[in-house]
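*Asks:* I have a structure I would like to understand better, so I am pasting it below and will then ask my questions one at a time.
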Amino acid sequence: FPVTIASERAEVPYALWKAARHETGAWLVKTGNKDVLDKLSVDTHPIVFDCVNKAQQVGWRINKDVYDIHLWALRNKTDAFADIWELQNPEAKATKLREAKAIGSIAKRFLDKHFYHLYYYDFRGRKYPATAYLHEQGSDLARGLLLRVDEKSIGKEGFFWLLVSIASNWAGDAGREDGAKTDKIPLKDRYLWSLDNEEILLSYAEKPKVNQGWMKADKPWQFLAACFEFKKFRDWQTSFFDDYVDVALIDQSLEALGVDPYDFSSSLECYIDGSNNGSQHLSALTRDEITAPHVNLVPLDLPGDLYKYVADHVWDRLATQLKSMSPHIVKSCETFIDNLIELKKQIHLAEPKSDRRKELIDEILKFKNTYQNLLDVAAPVYWSRVVDLKHRRRVVKRNVMTLPYGGTAYGLGQQQIDDARKHGIDLL
């Protein structure tokens with residue numbers, strides 16, 4: 002696959018794709034299979050071309066309200082970037098910080114400008130922008146910083162989805178007896194939750210540096226961007242009145258003036274995630290009634306969660322394996338794991354490339370070789386120490402997500418090794 006991809010955002014839309022190779026030199030599909038590229042044409046695969054060409058016509062601009070706050074939050078190391086400051090691994094922390102700064106740097110270059118992306122597909126047919134960091138598939142900060150160039154009347158349905166987006170990005174306590182979070186309750190309940198909490202939501206947009214509760218959101222930057230839009234919507238509605246008007250009566254009051262209460266022009270993108278797209282597609286294609294509820298293909302009161310479903314089964318199976326082991330073996334495994342963890346901690350504390358670190362690495366290798374028999378059977382004992390249900394879900398998530406896209410046993414195992422430090426689980 003030739004690595005010729007336009008890596009710069011353009012200030013005008015890119016030319017339409019008319020063949021498997023773009024006029025920039027980029028290829029439509031990232032694949033080493035030349036037959037695939039030879040067979041792709043507008044006539045034979047119109048949807049493939051239509052999809053990227055429509056995406057390339059969407060212009061983007063920077064949300065200045067979010068941009069200004071992100072600079073302040075990064076400079077003052079606020080909780081809005083807690084996902085960076087709380088990382089224990091120095092390398093992971095440095096990487097996340099670099100990414101945040103890169104996103105901010107790109108955003109600065111495009112303040113007061115419009116920009117467009119070139120798109121392409123991976124070999125599975127998933128569409129990506131050819132530019133890094135600041136795009137609609139990027140991090141929470143990247144998405145929070147983006148507004149579309151085109152504006153549309155929000156309408157009553159758009160207002161509904163704006164409030165659903167606020168609740169989904171908050172993903173915190175919904176105040177329900179079942180303890181469900183706001184991203185796991187029915188859509189109508191998410192809308193009503195945002196209405197019930199309107200005063201505090203608008204206060205975040207009014208004074209985000211003072212009212213910092215927005216930083217506790219699961220996706221703080223998308224949450225804050227939606228709060229800003231909510232406030233602009235209410236400001237627009239109340240601009241038709243000289244005096245205070247009760248929000249509960251505002252629809253009727255505006256209609257009496259001959260104004261559509263929802264004719265506010267918005268350019269905010271409210272993102273809707275699929276439910277594990279790979280499994281979702283397989284479940285739909287095979288009409289699998291077992292997985293369908295877990296990937297939200299059938300009507301349910303509460304959203305399904307395939308990751309939790311798989312995690313529950315994994316730890317049930319671990320519990321069964323643990324019960325089949327003799328108490329003596331379990332105790333030996335516990336001691337072995339404790340000693341192994343202690344050695345790993347000492348390695349982590351040792352200076353990089355020091356003699357002490359080399360000694361400890363040699364020691365841990367000898368230790369593993371000496372107790373290879375325990376290493377082979379200790380897995381159920383080790384993983385059973387992960388007791389937090391959220392942690393269990395986090396451990397299986399990437400494996401479950403990538404399995405339908407061709408994940409192998411080796412690849413899934415490597416994912417566990419690669420992601421161990423990212424989960425924020427002390428045991429790992």
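Residue numbering for the sequence shown follows the working numbering, starting at 2 and increasing by one per position.
Glycine included, C-beta positions come from ideal geometry on N, C-alpha and C.
Helix, strand or coil for Asp174 per DSSP?
*Replies:* If DSSP states are grouped into helix, strand and coil, Asp174 belongs with the strands.
*Asks:* Note the first and the last residue of the continuous alpha helix (DSSP H) segment covering Pro328.
*Replies:* Pro328 -> alpha helix (DSSP H) spans 328-350.
*Asks:* Take Val397 and list the residues in its own chain whose beta-carbon comes closer than 7 Å to its own, dropping the five residues that flank it on each side.
*Replies:* Cβ neighbours of Val397 beyond the five flanking positions: Tyr308, Val311, Ala312, Val315.
*Asks:* Given Asp302, which residues of its chain have a CB within under 8 Å of its CB, disregarding the five upstream and five downstream residues?
*Replies:* Here the set comprises Pro187.
*Asks:* For Val260, which of helix, strand or coil comes out of DSSP?
*Replies:* Of the three classes helix, strand and coil, the one that applies to Val260 here is coil, per DSSP.
*Asks:* Please state whether the Cβ-Cβ distance between Tyr121 and Trp28 is less than 8 Å.
*Replies:* Yes; because the gap between Cβ atoms is below 8 Å, this pair is in contact.
*Asks:* If you run the structure through DSSP and keep just helix, strand and coil, what is Arg191?
*Replies:* Helix.
*Asks:* In chain order, what residues of the same chain lie with their CB nearer than 8 Å to the CB of Leu376, ignoring the 5 residues before and after it?
*Replies:* Correct list, in chain order: Phe337, Lys369.
*Asks:* Among the residues of its own chain, which have a CB less than 6 Å from the CB of Asp184, if the five just before and after it don't count?
*Replies:* Cβ within range, chain order: Ser169, Ala172.
*Asks:* Is the CB-CB distance between Ser267 and Glu152 below 8 Å?
*Replies:* In contact: Ser267 and Glu152 (Cβ atoms closer than 8 Å).
*Asks:* Within the continuous beta strand (DSSP E) that includes Arg149, where are the two ends?
*Replies:* Segment 147-149, the beta strand (DSSP E) holding Arg149.
*Asks:* Can you tell me whether Lys220 is buried or exposed, with buried defined as 16 or more other CB within 10 angstroms of its CB?
*Replies:* It is buried - the Cβ of Lys220 has at least 16 other Cβ atoms within 10 Å.
*Asks:* Provide the residue(s) that pair with Ala11 in DSSP beta bridges, ordered along the chain.
*Replies:* Per DSSP, Tyr117.
*Asks:* Quick check on DSSP: helix, strand or coil for Ile418?
*Replies:* Ile418: helix per DSSP, three-state reduction.
*Asks:* According to DSSP, is Ser266 part of a helix, a strand, or is it coil?
*Replies:* Three-state DSSP puts Ser266 in a strand.
*Asks:* Just the C-alpha distance for Glu24 and Phe234, rounded to the nearest angstrom, thanks.
*Replies:* The alpha-carbon atoms of Glu24 and Phe234 are separated by roughly 42 Å.
*Asks:* Helix, strand or coil for Pro209 per DSSP?
*Replies:* If DSSP states are grouped into helix, strand and coil, Pro209 belongs with coil.
*Asks:* Which value, in whole angstroms, describes the spacing of the CA atoms of Leu357 and Lys367?
*Replies:* The residue asked about is misnamed: residue 357 is Arg in this sequence, not Leu. Roughly 15 Å between the two C-alpha positions.
*Asks:* Sorted by chain position, which residues of the same chain lie with C-beta nearer than 6 Å to Trp237's C-beta, five sequence neighbours on each side aside?
*Replies:* Within the same chain, Trp237 has close Cβ partners Phe265.
*Asks:* What's the C-alpha gap between His115 and His71?
*Replies:* Using only the alpha carbons, I get a separation of about 20 Å.
*Asks:* Figure out for me which residue from Val13, Asp51, Glu12 has the closest Cα to the Cα of Ala20.
*Replies:* Ranking the options by Cα distance to Ala20, first place goes to Asp51.
*Asks:* What separation, rounded to the nearest whole angstrom, lies between the Cα atoms of Lys423 and Ala218?
*Replies:* Roughly 19 Å separates the two Cα atoms.
*Asks:* Report the partner residues of Pro130 according to the DSSP bridge assignment.
*Replies:* Tyr120.
*Asks:* Taking just the CA atoms, how far does Arg393 sit from Glu335?
*Replies:* Going from the Cα of Glu335 to the Cα of Arg393 covers about 20 Å.
*Asks:* My understanding is that Leu75 touches Gly105, with C-beta atoms under 8 Å, so please give their C-beta distance in whole angstroms.
*Replies:* Correct: roughly 7 Å between the Cβ atoms.
*Asks:* Here's a check: name, in chain order, each residue in its chain whose Cβ is nearer than 7 Å to the Cβ of Trp86, leaving out the five neighbours to either side.
*Replies:* Excluding positions up to five away in sequence, the list reads Lys78.
*Asks:* Looking at Leu38: is its Cβ nearer than 8 Å to the Cβ of Val49?
*Replies:* No.
*Asks:* Can you tell me whether Pro47 is buried or exposed? The criterion is at least 16 other CB atoms within 10 Å of its CB, across all chains shown.
*Replies:* Answer is exposed; the Cβ neighbour count stays below 16.
*Asks:* Going by alpha carbons, who is nearest to Ala227 out of Asp179, Leu258, Val260, Gly159?
*Replies:* For the residues Asp179, Leu258, Val260, Gly159, the minimum Cα distance to Ala227 belongs to Gly159.
*Asks:* Answer yes or no: the CB of Tyr122 versus the heavy atoms of the ligand FAD, is any distance below 7 Å?
*Replies:* In terms of ligand content, the structure shown is empty, and the ligand FAD therefore cannot be addressed.
*Asks:* When the distance is taken between beta carbons, is Arg149 closer than 8 Å to Gln223?
*Replies:* It is not a contact, given that the beta carbons lie outside the stated cut-off.
*Asks:* On the three-state DSSP scale, how would you describe Trp288?
*Replies:* Checking the displayed sequence, the identity of residue 288 turns out to be Arg instead of Trp. Coil, per DSSP.
*Asks:* Out of Val296, Asn34, Arg110, which has the shortest C-alpha to C-alpha gap to Arg62?
*Replies:* Arg62 has its Cα closest to that of Arg110, out of Val296, Asn34, Arg110.
*Asks:* Where in the region 354-392 do unbroken runs of the alpha helix (DSSP H), each at least 4 residues long, occur, reported from the N-terminal end onward?
*Replies:* Entirely contained in the region 354-392, the alpha helix (DSSP H) runs reaching 4 residues are, in chain order, 356-371, 373-376, 380-384.
*Asks:* Identify every run of the beta strand (DSSP E) within the region 52-117, keeping only runs that are complete inside it and at least 3 residues long; order them along the chain.
*Replies:* List check, beta strand (DSSP E) in window: 61-63.
*Asks:* Give the DSSP bridge partners of Arg22, in chain order.
*Replies:* According to DSSP, which records beta bridges pairwise, Arg22 is partnered with Trp28.
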